[in-house]
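Novice:
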Amino acid sequence: MATIYLVRHGQASFGKENYDQLSSTGWEQGRVLGRWLAGKVEPAAIFGGDLERHRETVEAIATGYGAKLPDMQVVPGFNEFDHTTVVARYRPEWSDRAVMARDLKAFPKPAKAFQEAFVHAVHRWASGEYDHEYEESWPDFKARVLAAFEEMIEYADGGDVLVATSGGPISVIAQHLLGLDDARALGLNEVIANTSVSRVLYSGPRRSLAVFNNYSHLEADDPALVTFR
Numbered sequence: 101m102a103t104i105y106l107v108r109h110g111q112a113s114f115g116k117e118n119y120d121q122l123s124s125t126g127w128e129q130g131r132v133l134g135r136w137l138a139g140k141v142e143p144a145a146i147f148g149g150d151l152e153r154h155r156e157t158v159e160a161i162a163t164g165y166g167a168k169l170p171d172m173q174v175v176p177g178f179n180e181f182d183h184t185t186v187v188a189r190y191r192p193e194w195s196d197r198a199v200m201a202r203d204l205k206a207f208p209k210p211a212k213a214f215q216e217a218f219v220h221a222v223h224r225w226a227s228g229e230y231d232h233e234y235e236e237s238w239p240d241f242k243a244r245v246l247a248a249f250e251e252m253i254e255y256a257d258g259g260d261v262l263v264a265t266s267g268g269p270i271s272v273i274a275q276h277l278l279g280l281d282d283a284r285a286l287g288l289n290e291v292i293a294n295t296s297v298s299r300v301l302y303s304g305p306r307r308s309l310a311v312f313n314n315y316s317h318l319e320a321d322d323p324a325l326v327t328f329r
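Numbering of the sequence shown is given in the working numbering, commencing with residue 101 and proceeding in unit increments.
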C-alpha cells in the first residue's frame with residue numbers, strides 16, 4: 101500500500117497584517133519536519149492548496165530535508181475554509197481588524213479568547229442554519245476537499261504523496277475515512293497541531309487512516325515548537 105502524508109501548515113502569522121504567511125516559529129516547524137522526513141519518506145509527488153502558508157511550509161520542509169523534493173502541485177481544493185468570513189458572520193464587528201485587536205486585548209489571554217470565539221463561529225457555520233450567509237457552506241467545503249483528495253490519489257497512481265494543507269481539510273478527510281459525525285469532525289479540527297502529520301494508506305479503492313495528528317518530531321526537537329494556532 102502507498103502512503104499519503106497530510107501535513108498541516110506551520111504556524112501562520114496570527115494578528116499580523118498578512119496572516120497567510122509563516123511566523124518564524126512556523127518556518128522552524130517546517131524545517132524540523134523536513135529533517136524528520138529525511139531518510140524515511142521519499143514522496144513521488146507533493147500537493148498543496150494555493151495559500152501562501154502551504155507553499156512556505158513545503159519550502160521550509162525542503163530546507164530541512166536537505167535533498168531534492170518534487171515541486172508542489174497546486175490543488176485549490178486543499179485550501180482551508182474562509183475563516184475570516186466565518187468569524188465575521190459570528191462577530192460582525194470583527195470584520196474590522198482594529199476592533200477585533202482592541203477587543204482581544206481586553207482578555208488576559210487574547211489567543212485563547214480568539215480560539216473560543218473561533219470554535220463558536222465554526223459551529224455556527226457548520227450548523228446548516230445560516231448557509232445563506234456564506235459563500236461556501238460546510239457541506240460544500242467537505243465536498244470540495246474530498247474531490248481534491250480523490251483527484252490527488254488518481255494522479256499519484258500508487259505512489260507516496262505529501263500534501264501541505266490545513267486543519268479543516270485534514271479533519272474532513274479523517275471524518276470521511278472514520279465515518280464520524282460533524283461534531284466529532286469539528287472536534288478533531290481543534291486539536292490538529294502545526295506541521296503535524298496524518299497518514300492515509302491507500303491501494304485501489306481502499307483508504308485507511310493509519311496515523312492522525314502526529315507531532316512527535318516537534319516534541320523531540322523542542323516542545324516549545326508545538327502550536328495549534
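Beta carbons: idealized from backbone N, C-alpha and C, even for Gly.
Got a sec, what are the start and stop residues for the alpha helix (DSSP H) Val-158 sits in?
Specialist: First-last of the alpha helix (DSSP H) with Val-158: 152-165.
Novice: Start and end of the alpha helix (DSSP H) containing Leu-278?
Specialist: Segment 267-278, the alpha helix (DSSP H) holding Leu-278.
Novice: Run through the stretch 277-307 for me and flag every whole beta strand (DSSP E) of 3 or more residues, listed as ranges in chain order.
Specialist: Listed in chain order, they are 297-303.
Novice: Tell whether a beta-carbon distance below 8 Å holds between Arg-189 and Glu-152.
Specialist: For Arg-189 and Glu-152, no; Cβs fall outside 8 Å.
Novice: Taking only three categories from DSSP, how would you classify Gln-121?
Specialist: Gln-121 falls in the coil class under three-state DSSP.
Novice: In whole angstroms, what separates the C-alpha of Gln-129 from that of Gly-259?
Specialist: Taking the straight line joining both Cα atoms gives about 25 Å.
Novice: Taking only three categories from DSSP, how would you classify Gln-215?
Specialist: Gln-215: helix per DSSP, three-state reduction.
Novice: Rounded to whole angstroms, what's the CA-CA distance from Arg-284 to Gly-268? Just pull it up for me.
Specialist: Each residue's alpha carbon lies about 12 Å from the other.
Novice: Does the beta-carbon distance from Val-263 to Leu-122 come in below 8 Å?
Specialist: For Val-263 and Leu-122, no; Cβs fall outside 8 Å.
Novice: Tell me the residue span of the beta strand (DSSP E) that contains Thr-103.
Specialist: Unbroken beta strand (DSSP E) run through Thr-103: 102-108.
Novice: Quick one: Cα of Ile-104 to Cα of Val-300, how far?
Specialist: Their backbone Cα atoms lie some 5 Å apart in a straight line.
Novice: Determine the DSSP secondary structure at Phe-328, reduced to helix, strand or coil.
Specialist: In this structure, Phe-328 counts as coil in the three-state DSSP scheme.
Novice: Just how far apart, CA to CA, sit His-220 and Lys-168?
Specialist: Spanning the two alpha carbons is a distance of roughly 42 Å.
Novice: Determine, using beta carbons only, whether Asn-294 and Gln-111 come nearer to each other than 8 Å.
Specialist: Yes, Cβ-Cβ distance for Asn-294 and Gln-111 is below 8 Å.
Novice: Across the stretch 243-254 and the stretch 175-182, are there enough close Cβ pairs to call them in contact, namely three or more that are closer than 8 Å?
Specialist: Because the criterion of three Cβ pairs below 8 Å is met, the stretch 243-254 and the stretch 175-182 touch.
Novice: Which residue comes first and which comes last in the beta strand (DSSP E) that contains Phe-178?
Specialist: Where Phe-178 is concerned, there is no enclosing beta strand (DSSP E), given that its DSSP letter is neither H nor E.
Novice: Given that a residue counts as buried once 16 or more other Cβ atoms are within 10 Å of its Cβ, and exposed if not, what is Gly-149?
Specialist: It is buried - the Cβ of Gly-149 has at least 16 other Cβ atoms within 10 Å.
Novice: Confirm, please, whether the CB-CB distance from Ser-298 to Met-101 is below 8 Å.
Specialist: No, these two residues do not count as a Cβ contact at 8 Å.
Novice: Using the Cβ count rule (16 or more neighbours within 10 Å means buried), how would you classify Gly-279?
Specialist: It is exposed - the Cβ of Gly-279 has fewer than 16 other Cβ atoms within 10 Å.
Novice: Using three-state DSSP, classify Val-186 as helix, strand or coil.
Specialist: Helix.
Novice: Pull up the distance between the alpha-carbon of Glu-142 and that of Met-200, whole angstroms please.
Specialist: Each residue's alpha carbon lies about 43 Å from the other.
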